[in-house]
Every structure is written in structure tokens, then in C-alpha cells.
Amino acid sequence: MSDIHALSGAYAIHAVDELERAQFERHLEGCSECQAEVASFREATALLAGLAALDAAATPPPDLRDLVLAEARTVRPLPPRTGVGRRRGDPRRRRWLPAAAAAAVAVVGVGVGVTVWPETDDGGGSSRVLTASDRVLADTAADRVVLELGDARATLVRSREHGRAVLVTEAMPPAPEGKVYELWLQTPDDDMVPAGLMPRRTDQTVLLDGDASDATAVGITVEPEGGSKRPTSDPIALFELG
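Just so we're aligned, residue 660 is where the sequence shown starts under the numbering used here, counting upward by one.
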């Protein structure tokens, strides 16, 4: 790479591959300026951890997180000037920090549910940004139920460890005019608890509202615009959980 310093932002949020990580960490040992930049960006992600406590319920476009990570690799300013040396504190070299931080805050603003999740493989106390949906989908012990709904396919993933459930749909037809799809958590007492409304998209990843730890099933019903406090129709899909 022509300017290894350009990896500081991507490295801070773990948007580098293993080769880049190894190269940059060797460089980082002797570069105090990059050390300061990495530390500054991690301070910004620590602030996001506080915002994540709000646990925003809105569901963003599924590709938004990947877009932010990709953009973090491109907001670096011009490389150092050859033969002149880099001036500490040069504002051009700091421009990527507010830009990348703003992009990260934008993720929280649209309700991704950003969380700073500690790494366990490098022992260095580093962190990376994960969403609540990421954690559920990554749980290898999670319950997974797949239903074919005509030409559509829906997968329900429930993580007892994290107490949340995620619905992933493909080719889901829109709800009828003036109606909306509503999600429900079925309790051990067979009560149906509202768990959020599905966006009007065919392919989506939806983090259900509420604690899904003890849910016996997840249902989808067709409800009036704005949703209902109790189901007004039979479920068009019922994901039974073990």
C-alpha cells in the first residue's frame, strides 16, 4: 500500500483484512500519530456505545452497515507530502475523523442499534461495531425456523442468549392497501405481544421489539395501518419455537 497511514480509520473499526491488520499493527508500534488517530476514533465509538443504550427500534436498510464500513476506508485525505514530512496536527490529515464519526452517528440516527462489542481474539481491548441483529444472527445456538410463504421465504432467528429475535424475508409481497404486517411474540400463556411493524420492503431484516427469550412462537398478522394492540386476524405465518 502506498500510504499505510491511510489504514488508521479502517483499522480502528476493524474494516481491514488480516494482511492489512498485520502490516498496520507493525507500523503502529512506531507511529505515534497513527496511535493518536486510532485512539481518537475509538473514543468516538465509545460514545456510540452510550447511544446504543437507547436501543433504537427502527430498522435501517440491510446494506447500510456495510456501506458505512466501506466509506470509512475512503474518507482519508491526501497522503503525506514526499520530502517535506508530515506536520503533526495538519488539518487535512484530520479531516477523515469527523467524516467517519459523522457516518457512524448516522447509523445510530436511522436505528441500526449500534453497539461497541469487545473483541476476544487479539487481547488488546479493541472493539468493533455490531448491531443487535448481528449478534442474534451470529449466535450459533439460536433457534431458526424457515417458512415458505407462497413465492416468499421468511427465516426467524431467536437467540436466548441475547433475548432477541430477528426476521429475515425474501420476496415478501406488500401488505394490502391500508394495511400493514405486524409481528407478535407468543408468550408461554399463549398471549400475543406486539413486536413491531414490518417495513414495506420485499427483502428485509427486522429486529423484533421486546424480550424473545421465552417466546413460544412468532406470528405475522395483517393489521390496520399503524398496527393493533391485539391481533385482529389470524396469523399469515406462525414460527413455532422449541
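Idealized CB from N, CA, C, for every residue including glycine.
Pick from the options that is closest to residue i, judged by C-alpha positions
i    : options                : result
L906 : D862, S818, H673       : This structure cannot settle anything about residue 906, because the visible part of the chain is limited to 660 through 901.
R860 : A896, A813, H664       : A813
P832 : D849, P853, L826, G809 : G809
D849 : V827, L900, G689, A669 : L900
D798 : L806, E807, E829, G822 : G822
F700 : S667, A834, E684       : S667
E820 : D802, V827, A834       : D802
V697 : S792, A665, K888, E677 : A665
F898 : D862, E836, E882, V827 : V827
A800 : V816, E836, S792       : V816
E829 : P858, E836, G837       : P858
C-beta contact flag for residue i and residue j at 8 Å
i    : j    : result
T846 : D873 : yes
A824 : L867 : yes
G886 : V839 : yes
E882 : G837 : no
R680 : Y670 : yes
Sequence-distant residues of its chain with Cβ nearer than 6 Å to residue i (five each side left out)
i    : result
A854 : L842, W843, L844, L867, D868, G869
L856 : V839, E841, G886
V804 : L815, F898
R794 : H821
Nonlocal neighbours in the same chain, by C-beta distance under 8 Å from residue i, ignoring five residues either side
i    : result
A896 : L806, L808, A813, G878, I879
M851 : W843, L844, Q845, G878, R889, P890
L678 : none
P894 : W843, G878, I879, T880
P613 : The structure shown does not extend to residue 613, since the chain is modelled only from 660 through 901, so no value can be given for it.
D862 : P721, T828, E829, A830, M831
Nearest-angstrom Cβ-Cβ length linking residue i and residue j, presumed shorter than 8 Å
i    : j    : result
Q682 : I663 : 6 Å
S792 : T875 : Contact flag wrong, Cβ pair sits at about 22 Å.
Same chain only: Cβ atoms within 7 Å of residue i, ignoring 5 sequence neighbours per side
i    : result
A871 : R817, G822, R823, A824, L844
V675 : L666, A669, F683
A811 : T828, E829, A830, M831, P832
D781 : Confidence at D781 is low in this model, with a pLDDT of 43, below 50, so its placement is unreliable and the value that follows should be read with caution. Correct list: empty, nothing qualifies.
Any C-beta of chain D under 8 Å from that of residue i
i    : result
G886 : Protein chain content of the structure displayed is limited to a single chain, and chain D is not contained in it.
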